[in-house]
Amino acid sequence: MQAVRVFGLAKLQSSFSRRVSSLVEVKYETIAGKRAQYNVAVVQLNNPPVNSLSRSLLSDLNVTLKNISSSDHHIHGLVIASNVKNSFSAGLQLEELVNTDRNKLSQYWSLIQDCWHTLFTSQIPTVAAIDGHCLAGGVIIAVATDYRIASNGDFGIGVTAARIGVIAPPLFQDNIKHIIGSRQTELMLLQGKVFTPDEALKIGLIDEVHCSNEDIISYACRSLIPFMETDVRARTNMKLSLRSKIIQKMELEREEHNEAFADFMLSPPVQEKLVSFIKTLKKQ
Amino acid sequence: MQAVRVFGLAKLQSSFSRRVSSLVEVKYETIAGKRAQYNVAVVQLNNPPVNSLSRSLLSDLNVTLKNISSSDHHIHGLVIASNVKNSFSAGLQLEELVNTDRNKLSQYWSLIQDCWHTLFTSQIPTVAAIDGHCLAGGVIIAVATDYRIASNGDFGIGVTAARIGVIAPPLFQDNIKHIIGSRQTELMLLQGKVFTPDEALKIGLIDEVHCSNEDIISYACRSLIPFMETDVRARTNMKLSLRSKIIQKMELEREEHNEAFADFMLSPPVQEKLVSFIKTLKKQ
Amino acid sequence: MQAVRVFGLAKLQSSFSRRVSSLVEVKYETIAGKRAQYNVAVVQLNNPPVNSLSRSLLSDLNVTLKNISSSDHHIHGLVIASNVKNSFSAGLQLEELVNTDRNKLSQYWSLIQDCWHTLFTSQIPTVAAIDGHCLAGGVIIAVATDYRIASNGDFGIGVTAARIGVIAPPLFQDNIKHIIGSRQTELMLLQGKVFTPDEALKIGLIDEVHCSNEDIISYACRSLIPFMETDVRARTNMKLSLRSKIIQKMELEREEHNEAFADFMLSPPVQEKLVSFIKTLKKQ
Numbered sequence: 057m058q059a060v061r062v063f064g065l066a067k068l069q070s071s072f073s074r075r076v077s078s079l080v081e082v083k084y085e086t087i088a089g090k091r092a093q094y095n096v097a098v099v100q101l102n103n104p105p106v107n108s109l110s111r112s113l114l115s116d117l118n119v120t121l122k123n124i125s126s127s128d129h130h131i132h133g134l135v136i137a138s139n140v141k142n143s144f145s146a147g148l149q150l151e152e153l154v155n156t157d158r159n160k161l162s163q164y165w166s167l168i169q170d171c172w173h174t175l176f177t178s179q180i181p182t183v184a185a186i187d188g189h190c191l192a193g194g195v196i197i198a199v200a201t202d203y204r205i206a207s208n209g210d211f212g213i214g215v216t217a218a219r220i221g222v223i224a225p226p227l228f229q230d231n232i233k234h235i236i237g238s239r240q241t242e243l244m245l246l247q248g249k250v251f252t253p254d255e256a257l258k259i260g261l262i263d264e265v266h267c268s269n270e271d272i273i274s275y276a277c278r279s280l281i282p283f284m285e286t287d288v289r290a291r292t293n294m295k296l297s298l299r300s301k302i303i304q305k306m307e308l309e310r311e312e313h314n315e316a317f318a319d320f321m322l323s324p325p326v327q328e329k330l331v332s333f334i335k336t337l338k339k340q
Numbered sequence: 057m058q059a060v061r062v063f064g065l066a067k068l069q070s071s072f073s074r075r076v077s078s079l080v081e082v083k084y085e086t087i088a089g090k091r092a093q094y095n096v097a098v099v100q101l102n103n104p105p106v107n108s109l110s111r112s113l114l115s116d117l118n119v120t121l122k123n124i125s126s127s128d129h130h131i132h133g134l135v136i137a138s139n140v141k142n143s144f145s146a147g148l149q150l151e152e153l154v155n156t157d158r159n160k161l162s163q164y165w166s167l168i169q170d171c172w173h174t175l176f177t178s179q180i181p182t183v184a185a186i187d188g189h190c191l192a193g194g195v196i197i198a199v200a201t202d203y204r205i206a207s208n209g210d211f212g213i214g215v216t217a218a219r220i221g222v223i224a225p226p227l228f229q230d231n232i233k234h235i236i237g238s239r240q241t242e243l244m245l246l247q248g249k250v251f252t253p254d255e256a257l258k259i260g261l262i263d264e265v266h267c268s269n270e271d272i273i274s275y276a277c278r279s280l281i282p283f284m285e286t287d288v289r290a291r292t293n294m295k296l297s298l299r300s301k302i303i304q305k306m307e308l309e310r311e312e313h314n315e316a317f318a319d320f321m322l323s324p325p326v327q328e329k330l331v332s333f334i335k336t337l338k339k340q
Numbered sequence: 057m058q059a060v061r062v063f064g065l066a067k068l069q070s071s072f073s074r075r076v077s078s079l080v081e082v083k084y085e086t087i088a089g090k091r092a093q094y095n096v097a098v099v100q101l102n103n104p105p106v107n108s109l110s111r112s113l114l115s116d117l118n119v120t121l122k123n124i125s126s127s128d129h130h131i132h133g134l135v136i137a138s139n140v141k142n143s144f145s146a147g148l149q150l151e152e153l154v155n156t157d158r159n160k161l162s163q164y165w166s167l168i169q170d171c172w173h174t175l176f177t178s179q180i181p182t183v184a185a186i187d188g189h190c191l192a193g194g195v196i197i198a199v200a201t202d203y204r205i206a207s208n209g210d211f212g213i214g215v216t217a218a219r220i221g222v223i224a225p226p227l228f229q230d231n232i233k234h235i236i237g238s239r240q241t242e243l244m245l246l247q248g249k250v251f252t253p254d255e256a257l258k259i260g261l262i263d264e265v266h267c268s269n270e271d272i273i274s275y276a277c278r279s280l281i282p283f284m285e286t287d288v289r290a291r292t293n294m295k296l297s298l299r300s301k302i303i304q305k306m307e308l309e310r311e312e313h314n315e316a317f318a319d320f321m322l323s324p325p326v327q328e329k330l331v332s333f334i335k336t337l338k339k340q
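Protein chains in written order, with my numbering: chain A, 57 to 340; chain B, 57 to 340; chain C, 57 to 340.
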């Protein structure tokens, strides 16, 4: 681990600084609502050039999210963003999916499931501030939050998996359906479609396109106020209830889903296609 | 019970007059469709100043709805509206939720469940004519009907429960999802959001904003014609089938849901928050 | 069976020519994508004057679809369209529903279920090119495909069943919900509503209104390219997973659904209403 960059509240800084790495940075903002002041943790992915979801990044992200979500830190909201220019996250680290064995692949997939679960079930309201490409696994992170803001930039948001022979497994399909409905999910996944921020807004994949000069992270912090001003018990009770089918499915069937994903990914034609796609990328 | 105000068809009047009170008024309109004349019952809530869903109102409403829905009265459609200026219904009577015991709370909640069930499963097409604030429990009444019209006024429609520490339980969440989808349901419930009529139209929470000079109740009566002109057997068969999951859940799990609601509501921090909120309201 | 009209690829022609009839015509187009050339089968219904889904048409359609969907023919996409002016399909052949017995009705319904199942589970991307009225059973065919294009014409799209006393059974309700959500499904079915192409676009019942001078079938063939350019394994895996609940329900409960449909249709009041409706149609 390299030098840890944590800014803001001194007390919080000490409790987190042990756990974050150069790949996942955390800073804190204090936001004034109508009812109170709120502490917001800003988590920034920092894995240049495109914020690939590497094993180390996922592991660090998972620890960070779990820490912030535990209630004893007086954190009221969470922004997930990028510290890399032009990329929120380009998705899975494809190298983790090839020349691997079932055990290693399974561990990697389990990290994704953990991050997703922590975000999707968080008591703390969460927002994704998307200021660059948000593809495949990047979308899985984004849809696990409570609110999605994209800047008005020249980048794409979508799940391209089908184009390179990879699948978005059932649980993530369910999460995407929860956000944009079954028809738009089907179109996006079966065409491997990538949307502009405006198109993504139209289908509900994001909630706002942010156009002003305000920094997207400040803007995202403020977008949490309507959530933070509600009662934490009532809000959390309803959040978990509204998402209960998806959460239960994840908790009961995660091993099974992990196995099915490995079966699909390790089959020779899928491996072949992926290896050849990675070669193409490296030539570019 | 105070003097009963029932207007219209003499025969119908006699059968209902025993059961309605000053809190729930019923009148009848005859509407000309292309195929036939249709009798529409107009049920108006009359509990000033804001049509709180008091125990008495719910009890009277339930009897009224059950009577109208039984087929022997030759009623083809039902409008639910308000007789109180600026308010369709502001929701639950909060006083019923505090300084109470499990038994009383349970009875009160059961009345809400009954009204909702009668409306949601009605063979007769139903429409909500919303001419003023429609909040929390008011929305639960509205989404249990087949069609929602709001006048083009300066009022709000939404479920504010989370703001005051109350929950909209799973069954009502399911009904709202059925109307506006899971994403918009989540946003409304987790932010305690209130929409203008135009905003409510945009997310599908209402079906029409009524702008002309025509009385909203006449307009609502006419909006039932497309439903009333279809075959009652085919229409009812499909209505119950389209809503079967929600109805079955209600019928099988209503006691359990009632218990879970009481558990949540009677917990000390929820009671504390509610008592303090009611005090604030009274000071205003 | 009359003379078979099959055009296009000689090799494909021979394998299909035995199975198609005058009621279901097949021709082939080769389309250039970015990655490859794709062979598209164009299936045209040809049962004037309104493409009623007669027993013979359904039987021929079913064989045709099964043949095309089997992978050994190197077909990459499928267009379903009409060869009859002003009509995609007006729906079920009503005469099959009256003066019948349970056994015959059951066989007829089973043919519909088969066609629907073959289309809905097809590995090959499918599109409906709708160039005229698409009603009731016609909508069931259309929603079973992956993409729906309607020309910008003066015709209607909708499920009118409730108007004539017929039901769209639960499985087809589920398929329609999958496309347009539960609220719009409810409105369409309970009002027996018919939409213009522009209205159908707005609620998502079709995906595009085709306005240019290009032949709608050429246009539909090209609309398959984004699907055909993805990986067949990944795309099919996700398609079947996204639709798994509906497919499983069909496979497990088709007999039961077939029985329930027969029970409803054979009841005396439904038969009476249908006979009288057919008489009205014949007088016109």
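Glycine included, each C-beta is placed from N, C-alpha and C at the ideal position. Computed from a predicted structure; not experimentally measured.
First and last residue of the beta strand (DSSP E) that includes residue i?
i: residue 205(C); result: 203 to 207
i: residue 144(B); result: 143 to 145
i: residue 264(C); result: 264 to 266
i: residue 95(B); result: 93 to 101
i: residue 249(B); result: Per DSSP, residue 249(B) belongs to no beta strand (DSSP E) and is neither H nor E.
i: residue 192(C); result: Careful: residue 192(C) lies outside any beta strand (DSSP E) and carries neither H nor E.
So, at 7 Å on beta carbons, what are the nonlocal neighbours of residue i in its own chain, with the 5 sequence-adjacent residues on each side left out?
i: residue 67(A); result: Note that residue 67(A) scores a pLDDT of 43, beneath 50, so its modelled location is shaky; the value from the coordinates is reported in the next line. Within the same chain, residue 67(A) has no close Cβ partners at all.
i: residue 190(B); result: 144, 145, 198, 213
i: residue 100(B); result: 81, 137, 138, 139
i: residue 232(C); result: 199, 241
For a contact defined as C-beta to C-beta under 8 Å, what are the partners of residue i on chain A?
i: residue 202(C); result: 242, 246
i: residue 106(B); result: What residue 106(B) touches in chain A: nothing, since even the nearest Cβ is about 21 Å away.
Beta carbon of residue i, beta carbon of residue j: below 7 Å?
i: residue 322(B); j: residue 153(B); result: no
i: residue 103(C); j: residue 143(C); result: no
i: residue 109(A); j: residue 229(B); result: no
i: residue 134(C); j: residue 124(C); result: yes
i: residue 131(A); j: residue 159(A); result: no
i: residue 245(C); j: residue 294(B); result: yes
i: residue 97(A); j: residue 84(A); result: yes
i: residue 260(C); j: residue 236(C); result: yes
i: residue 279(C); j: residue 203(C); result: yes
Which chain B residues are close to residue i, counting only those with a beta carbon under 7 Å from its beta carbon?
i: residue 146(C); result: Here the premise fails: no neighbours, minimum Cβ distance about 18 Å.
i: residue 297(A); result: 226, 229
If you follow the alpha helix (DSSP H) that residue i is part of, which residue opens it and which one closes it?
i: residue 305(B); result: 300 to 322
i: residue 133(A); result: Segment 133 to 138 is the beta strand (DSSP E) holding residue 133(A); no alpha helix (DSSP H) there.
i: residue 130(B); result: Careful: residue 130(B) lies outside any alpha helix (DSSP H) and carries neither H nor E.
i: residue 217(B); result: 217 to 220
Quick one: list the residues of chain C neighbouring residue i, beta-carbon separation under 9 Å, in chain order.
i: residue 239(B); result: Going along chain C, no residue has its Cβ under 9 Å from residue 239(B), so there is no contact; the nearest lies around 11 Å.
Quick one: which chain C residues come within Cβ less than 8 Å of residue i?
i: residue 224(A); result: 294
i: residue 325(A); result: 289
Quick one: what's got a C-beta closer than 6 Å to residue i's C-beta in the same chain, skipping five residues either side?
i: residue 272(B); result: 185, 187, 207, 266
i: residue 281(A); result: 89
Looking only at its own chain, which residues have a Cβ that is under 8 Å from the Cβ of residue i, when we skip the five neighbours before and after it?
i: residue 52(B); result: This structure cannot settle anything about residue 52(B), because the visible part of chain B is limited to 57 through 340.
i: residue 217(C); result: 192, 223, 224, 245, 248
Give me the chain B residues within the contact set of residue i, using Cβ-Cβ distance strictly less than 9 Å, ordered along the chain.
i: residue 185(C); result: In chain order: nothing, as chain B lies at least about 28 Å away.
So residue i contacts chain A; which residues on that side make the cut at Cβ distance below 9 Å?
i: residue 260(C); result: 237, 239, 240
At a CB-CB cut-off below 8 Å, which residues of chain B make contact with residue i?
i: residue 221(C); result: 287, 289, 290
Give the residues of chain C in contact with residue i, contact being defined as C-beta atoms less than 7 Å apart.
i: residue 329(A); result: 287
Any beta-carbon of chain D closer than 7 Å to the one on residue i?
i: residue 234(A); result: Of the protein chains in the structure, A, B and C, none is chain D.
Task: Validate contact between the stretch 289 to 299 of chain A and the stretch 246 to 257 of chain C using beta carbons, cut 8 Å, 3 pairs - done: With a cut-off of 8 Å, the stretch 246 to 257 of chain C and the stretch 289 to 299 of chain A do not count as touching, because too few Cβ pairs lie within range.
TODO: Mind the definition here: the stretch 182 to 197 of chain B touches the stretch 297 to 317 of chain B only if three or more C-beta pairs lie below 8 Å; say whether that holds.
DONE: Cβ pair count under 8 Å is below three, so no.
Open item on the list: Three or more C-beta pairs under 8 Å: does that hold for the stretch 75 to 86 of chain A against the stretch 111 to 123 of chain A?
Closed with: Taking a contact to require three or more Cβ pairs closer than 8 Å, the stretch 75 to 86 of chain A and the stretch 111 to 123 of chain A qualify as touching.
Open item on the list: Three or more C-beta pairs under 8 Å: does that hold for the stretch 128 to 142 of chain B against the stretch 175 to 194 of chain B?
Closed with: By the Cβ criterion, the stretch 128 to 142 of chain B is in contact with the stretch 175 to 194 of chain B, since at least three pairs of Cβ atoms, one from each stretch, lie closer than 8 Å.
Task: Segment contact flag, the stretch 205 to 224 of chain A with the stretch 174 to 182 of chain A, C-beta cutoff 8 Å, min 3 pairs - done: No, the stretch 205 to 224 of chain A is not in contact with the stretch 174 to 182 of chain A.
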